Amino acid sequence: MSALDLPTPQHGGPLFTVTTEPRLFSPLDERETRLLAGALTYQTLVHPGVDVRVTVTRANGPTPPSLTDQATQRVEWPDHREVVGTLGVRSTGQDPTTTTTKDVVVDLGGPVDQLSGLVRLPGRLNDVRNAIRARAPVAFDALRQRQTDRLENRRLSRPLPRIGAFERPEHTGASGQPPAVLFGMHWLELGGAERWAAETVRMARDAGLQPIVVTDRESAHPDIVSDVFDGALVIPLTHPMTSDDESTLLRTLFDRYDIRGVHVHHCTWLYQRLPWIRAQFPGTQLVDSLHVLEWRTGGFVDIALRLSNVIDEHHVISPQLRDYLVDRQNLSKTKVTLATLADLTVPAAEEPPAADHVDGPLTVAFVGRFTQQKRPYLFLRLARTLHRRLGNRVRFVMHGDGELGDEIRRDHARLGLQSVVEMRTPATPVSQTLEEADVLVICSDNEGVTLTSFEADAHGVLVVSADVGSQASVVVDDLLVPRHPGPLLARTADLVAGLVEDPARLASLRSAQHAKVAAFAALPRARDWTRDLYERWNS
Numbered sequence: 008m009s010a011l012d013l014p015t016p017q018h019g020g021p022l023f024t025v026t027t028e029p030r031l032f033s034p035l036d037e038r039e040t041r042l043l044a045g046a047l048t049y050q051t052l053v054h055p056g057v058d059v060r061v062t063v064t065r066a067n068g069p070t071p072p073s074l075t076d077q078a079t080q081r082v083e084w085p086d087h088r089e090v091v092g093t094l095g096v097r098s099t100g101q102d103p104t105t106t107t108t109k110d111v112v113v114d115l116g117g118p119v120d121q122l123s124g125l126v127r128l129p130g131r132l133n134d135v136r137n138a139i140r141a142r143a144p145v146a147f148d149a150l151r152q153r154q155t156d157r158l159e160n161r162r163l164s165r166p167l168p169r170i171g172a173f174e175r176p177e178h179t180g181a182s183g184q185p186p187a188v189l190f191g192m193h194w195l196e197l198g199g200a201e202r203w204a205a206e207t208v209r210m211a212r213d214a215g216l217q218p219i220v221v222t223d224r225e226s227a228h229p230d231i232v233s234d235v236f237d238g239a240l241v242i243p244l245t246h247p248m249t250s251d252d253e254s255t256l257l258r259t260l261f262d263r264y265d266i267r268g269v270h271v272h273h274c275t276w277l278y279q280r281l282p283w284i285r286a287q288f289p290g291t292q293l294v295d296s297l298h299v300l301e302w303r304t305g306g307f308v309d310i311a312l313r314l315s316n317v318i319d320e321h322h323v324i325s326p327q328l329r330d331y332l333v334d335r336q337n338l339s340k341t342k343v344t345l346a347t348l349a350d351l352t353v354p355a356a357e358e359p360p361a362a363d364h365v366d367g368p369l370t371v372a373f374v375g376r377f378t379q380q381k382r383p384y385l386f387l388r389l390a391r392t393l394h395r396r397l398g399n400r401v402r403f404v405m406h407g408d409g410e411l412g413d414e415i416r417r418d419h420a421r422l423g424l425q426s427v428v429e430m431r432t433p434a435t436p437v438s439q440t441l442e443e444a445d446v447l448v449i450c451s452d453n454e455g456v457t458l459t460s461f462e463a464d465a466h467g468v469l470v471v472s473a474d475v476g477s478q479a480s481v482v483v484d485d486l487l488v489p490r491h492p493g494p495l496l497a498r499t500a501d502l503v504a505g506l507v508e509d510p511a512r513l514a515s516l517r518s519a520q521h522a523k524v525a526a527f528a529a530l531p532r533a534r535d536w537t538r539d540l541y542e543r544w545n546s
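Now the structure itself:
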C-alpha cells in the first residue's frame, strides 16, 4: 500500500475530506491521481454531506475512464478491470446529512497509449464505411468534399434559429466565497483549441481567480498532469450522468464559489447548460471562444449561434469567423470580438527569419494529429508522387500521431514509403522537425488558423496550405491550394517541384509569407482580450 497525494484547489481549500484512509493495492501515477481527484470532487459535490465509499478500478485495455457517469453507481465491473484501491470521502463545510453510506465505483480507464485509436461506431454500415476509408482514403475523401460543398452552400444561405433572450442584472455571486471562472473544455489533450483553453486557465489563475474546469469528451486526458492545471479544480465528466446530478453539480459549484464568469471553449455539455445558468445565476457573465466553422455538422459555431441570446460575448480567432457571425448570421458587431492566437506558441518576429536552405534535398514536412480533418493520407500520396518525379532531390518528414495512426502506418508500408517518408511521433519536439524543414504542407479539409502556420514562419519554413478557414490570412496567395484531394495533390506537387527547380524563390516567398503573418499578428490578441476580461471579473 502507498500514500495518496490528492491535489487541492488554489483558493477556498479542499472540497472534500478523506474519512476512510485509502488502501492502495497498486500505485497510481500522477494522471490517475488527478483523474481520481476529479471523480471524488464530483461524487462529493453531488452527494453533499453524505459519506461516499469509493472503490477504484483500472482497466487493462483500451477503455476510457468512468468517473461521473451512471455506471459509477453500480457495484460491479467488467472482467478486464482490476481493483487498485478503496477510500471514503465526504464533502467539506457541511454536517453529515444521513447515517447511510453511498457506494460508487470509479474506473480510471486503460493506459494512455491504448486510448488514442479511432472510435468505431457499431453496425455493418459503419464497418463498410471504415473499410472503404481505410483502403481508398482519397476516393472516400473526394466524395466527402463534394458533400461538404453542398452543406457549405446550404449553411451560407440561411440564418440559424436562436433561443429567447434573458435580462442580465449586475453580478451578485455567493457572498464571501472565492471568485472563480467556470471553464468548459473538450478534453485535456492540449493541441489546437485546447491549447488556447489551457492558456486561459493559467491566465485566470494568474488573475487571482479560481479556475474550475469541466470536460465532456471521452479521453484518457494525458495532459491533466500539465502544470497549467496546478491549483485548478478539474472535473473530467463522463456520460451519461443523471439530470439531478448535473443540476446539483452546477448549483453546488455556484454555492461554493463566487463564479464571476463562464468561459466555454469546445464543450457541448456546458454550452447546453448556459440557458439554465443564465436563468438561475443571471448575473454571471457568459462568453465563449470559437475557432473554426464546421460546414459538415455546424459544430460549436452552430451551438453558439443557437444560444447567442444568452451569451454576452463571442470571441473569435479569425476574420472569417467574425465575418460569418456578423455578415451572414446578423450578430451585432459589438457582440463579436476578433482576437487572434498569433502569439500563443511563438513570439512575434520583427524580421523575417534568415533563409538557411543549403545544397541538398528540399525537406517537406507534415506536422499534426493523424485525424480525418488533417488528412495525413494525402501527404503520403504527395510524397509518393514527388519521389517518383524528383527522386532524392526532396526529403519527407511526417510528424504526429492520433486516431488514424494505425491506418497511416499501414498505408505508409503499403505504399512502399518506408525509405522515403521519415515517421516521427510526438516524442520528438515539433521545433526539431521545423528546424529541419524547408516547406510545411497543411492538407486539412477545415481549419480556423493553424498554430503550426505561425510556428513554421517563426522557423523560416514556407507553408503550402489547403485554402480553408482563414488560412488565406497567413499563407501566400500563390501557396494556397484547393481543398478537394485531387487538385490539392496536383497543385502542391507542382509547387514543391517548382521550389526544387528554383530554390532562390524560397527566400522571396518566405519574405512575403512573413509580411502576411506579421500583419495578422498586428490584429488584437486573444491574450490581451482575456486578460482585460478576467481583470474585470475579479474587480
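The sequence shown begins at 8 in this note's numbering and counts up by one. All C-beta atoms in this analysis are idealised placements derived from N, C-alpha and C, irrespective of residue type, glycine included. As the structure is a computational prediction, the values presented were derived from the model and not from experiment.
Residue i versus residue j: straight-line alpha-carbon distance, rounded
i	j	result
Q184	D265	5 Å
V59	D102	14 Å
H18	Q77	30 Å
F461	G238	30 Å
H521	G199	21 Å
N399	V437	24 Å
A214	D350	20 Å
P186	R267	6 Å
P29	E83	20 Å
S339	V333	6 Å
R285	R258	12 Å
R280	Q292	14 Å
R538	M210	7 Å
F288	L277	14 Å
V482	T499	14 Å
H321	D474	24 Å
L13	G407	32 Å
M8	A66	The pLDDT assigned to M8 is 37, lower than 50, so where the model puts this residue is not dependable; a value taken from the coordinates is nonetheless given after this. So the two alpha carbons sit approximately 19 Å from each other.
V294	I318	6 Å
R517	D418	32 Å
Buried versus exposed, by CB contacts within 10 Å (16 or more), residue i
i	result
D230	buried
P16	buried
D114	buried
Y541	buried
A372	buried
R131	exposed
Q217	buried
R395	exposed
H272	buried
D464	buried
L150	exposed
T459	buried
R512	exposed
For residue i, the three-state DSSP class (helix, strand or coil)
i	result
L22	coil
L125	At L125, the pLDDT of 49 sits below 50, so the modelled position is not reliable and the matter cannot be decided from this model.
Q478	helix
D501	helix
T249	coil
I242	strand
I324	coil
V456	coil
H406	strand
D265	strand
L487	strand
V53	coil
T341	helix
F377	coil
T70	coil
E174	coil
F190	strand
G493	helix
D114	strand
Beta-carbon spacing of residue i, residue j below 8 Å
i	j	result
V427	T255	no
G45	V241	yes
V547	L447	Because the chain here runs from 8 to 546, residue 547 falls outside it and cannot be looked at.
I449	V468	no
D134	P492	no
L393	A504	yes
V63	R97	no
S325	S477	yes
T104	T24	no
Quick one: any contact between the stretch 377-392 and the stretch 341-353, if contact means 3 or more CB pairs under 8 Å? Output reads no: the stretch 341-353 does not touch the stretch 377-392.
Across the stretch 190-200 and the stretch 218-225, are there enough close Cβ pairs to call them in contact, namely three or more that are closer than 8 Å? Contact between the stretch 190-200 and the stretch 218-225 is present: 3 or more CB-CB pairs across the two stretches fall below 8 Å.
Report yes or no: do the stretch 444-457 and the stretch 296-309 share at least 3 C-beta pairs separated by less than 8 Å? In short, these stretches touch, since the Cβ pair count reaches three.
Would you call the stretch 308-315 and the stretch 134-154 in contact, with 3 or more CB pairs under 8 Å? Contact fails: fewer than three Cβ-Cβ distances are below 8 Å.
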